[in-house]
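Below is one structure; the comments refer to it alone.
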Amino acid sequence: MNLLIYKTKTELLKDLAEYIITIGEKAIAENDCFNFVLTGGNSPKELYTMLAMDYREKLDWTKVYFFIGDERNVPPGHESYNGLMARKSILDPLNVVADHVFFVDTTQAPEKAAIEYAKEISTHFKGADLSFDLILLGMGDDAHTASLFPGTEVLGNKDVTVDSVYVEKLSTYRITFTAPLINKAKNVAFLVFGEAKAEAIKHVIEDQTKNPELYPSQLVDPVDGSLTFFLDSDAAKLLDN
Ligand SMILES: O=C1O[C@H](COP(=O)(O)O)[C@@H](O)[C@H](O)[C@H]1O
97 MNLLIYKTKT ELLKDLAEYI ITIGEKAIAE NDCFNFVLTG GNSPKELYTM
147 LAMDYREKLD WTKVYFFIGD ERNVPPGHES YNGLMARKSI LDPLNVVADH
197 VFFVDTTQAP EKAAIEYAKE ISTHFKGADL SFDLILLGMG DDAHTASLFP
247 GTEVLGNKDV TVDSVYVEKL STYRITFTAP LINKAKNVAF LVFGEAKAEA
297 IKHVIEDQTK NPELYPSQLV DPVDGSLTFF LDSDAAKLLD N
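Counted the way this note's numbering counts, the sequence shown spans residues 97 to 337.
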């Protein structure tokens, strides 16, 4: 596990953008494409805008395939739809073509949407291992990541797939990568900033006895890949070192 702590969010985002470009270049050099999973929520918006503006000449974006690690069960045009945020902040500004974007079809029932999304991913990987080049993750202040929320059934899903989950405290369904699918990735990076996440991050990184039912981000532990936490000093303020 790599732990990177930055004084400011701006320094963090710049370094994370460069890390993404490095991984993208390597993937394209090796396989002629970069399979990149985006995180949702608020935290990545500035990063995505930065990639689309300041890094548009730094990578061959026509070779990138974009996925989303979790989705809210709202129509695709809804302001809470993670894919819409991605569209506005990075995909449209980079003129990414439709067949390089894999988003969850929430016009279907959540169970069906999850099954269809898993199928689309499998088809894209043409029967090979479902190992993304990079999965970017955020984390909520309750230590959820993707839509792996505390106390939910999906935490026990051992399949390398996409699942639907009812999140009681939000009274809604979500569609999410399972932990085993995340853990297949070649690289996983957490983007976490702000004081509100300090306590959760302390549990996720430092707890000797893991309790993923309470802190689901503890489930993230790539089998063969790298795991890097990009934190600002506020999110890292309760860490021992
Ligand atoms: O609901 C979600 O929350 C997490 C964290 O979001 P943030 O707004 O605190 O950055 C996010 O990683 C996930 O993709 C999203 O659906």
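Glycine included, each C-beta is placed from N, C-alpha and C at the ideal position.
Note that this is a predicted model, so its numbers are computed, not measured.
Candidates the options: which alpha carbon is nearest residue i's?
i: H240; options: N253, V263 and Y144; result: V263
i: G179; options: V160, T202, T248 and N191; result: T202
i: I124; options: M149, N138 and V160; result: V160
i: A242; options: D195, G321, I101 and N138; result: N138
i: A113; options: C129, H220, L134 and Q204; result: L134
i: P189; options: K208, M149, P206 and L99; result: M149
i: S313; options: E126, M181 and I278; result: I278
i: F286; options: M235, P276, D317 and F132; result: M235
i: Y151; options: Q304, Q204, G247 and K110; result: K110
i: K265; options: F198, V192, G247 and I101; result: G247
i: K122; options: E291, A275 and K282; result: K282
i: E249; options: T118, M97 and P308; result: P308
i: G120; options: K103, L335 and F162; result: F162
i: T274; options: N98, E167 and E107; result: E167
i: L108; options: F289, F221, D303 and I301; result: F289
i: S227; options: Y115, P318, M181 and L99; result: P318
i: D225; options: P276, L310 and K103; result: P276
i: Y115; options: L335, F132, T104 and Y269; result: F132
i: K141; options: T106, N127, D128 and E126; result: T106
i: M97; options: L323, L335 and E302; result: L323
i: N127; options: F221, Q304 and I231; result: F221
i: E136; options: L100, Q304, T104 and Y177; result: In the sequence as presented, Glu is not what sits at residue 136; that position holds Gly. Here the closest residue by C-alpha is Y177.
Under the assumption that residue i contacts residue j (Cβ atoms under 8 Å), give the Cβ distance between them as a whole number of angstroms.
i: L315; j: L244; result: 6 Å
i: D229; j: F130; result: 5 Å
i: G165; j: L233; result: 6 Å
i: S267; j: E207; result: In fact, because the Cβ distance is near 17 Å, the residues do not count as touching under 8 Å.
i: I271; j: A210; result: 5 Å
i: I338; j: L335; result: As shown, the chain starts at 97 and ends at 337. That puts residue 338 outside it, with no answer to give.
For the segment 126 to 182, which segments carrying the alpha helix (DSSP H) assignment without a break, of at least 4 residues, lie completely within its bounds, in sequence order? 141 to 150 and 178 to 182
Would the segment 296 to 309 count as touching the segment 318 to 334 if we require 3 or more Cβ pairs under 8 Å? yes
Should the segment 144 to 159 be regarded as contacting the segment 248 to 257, the criterion being three or more beta carbon pairs within less than 8 Å? no
What are the uninterrupted segments assigned as beta strand (DSSP E) that are 3 or more residues long and contained completely in the segment 217 to 250, given in chain order? 230 to 233
Within 8 Å, do at least three Cβ pairs link the segment 166 to 182 to the segment 215 to 224? no
Stretch pair the segment 183 to 193 + the segment 133 to 145: three plus CB contacts closer than 8 Å: yes
Nearest-residue set for ligand 1, Cβ under 5 Å from any heavy atom: T135, G136, G137, N138, S139, D166, G234 and G236
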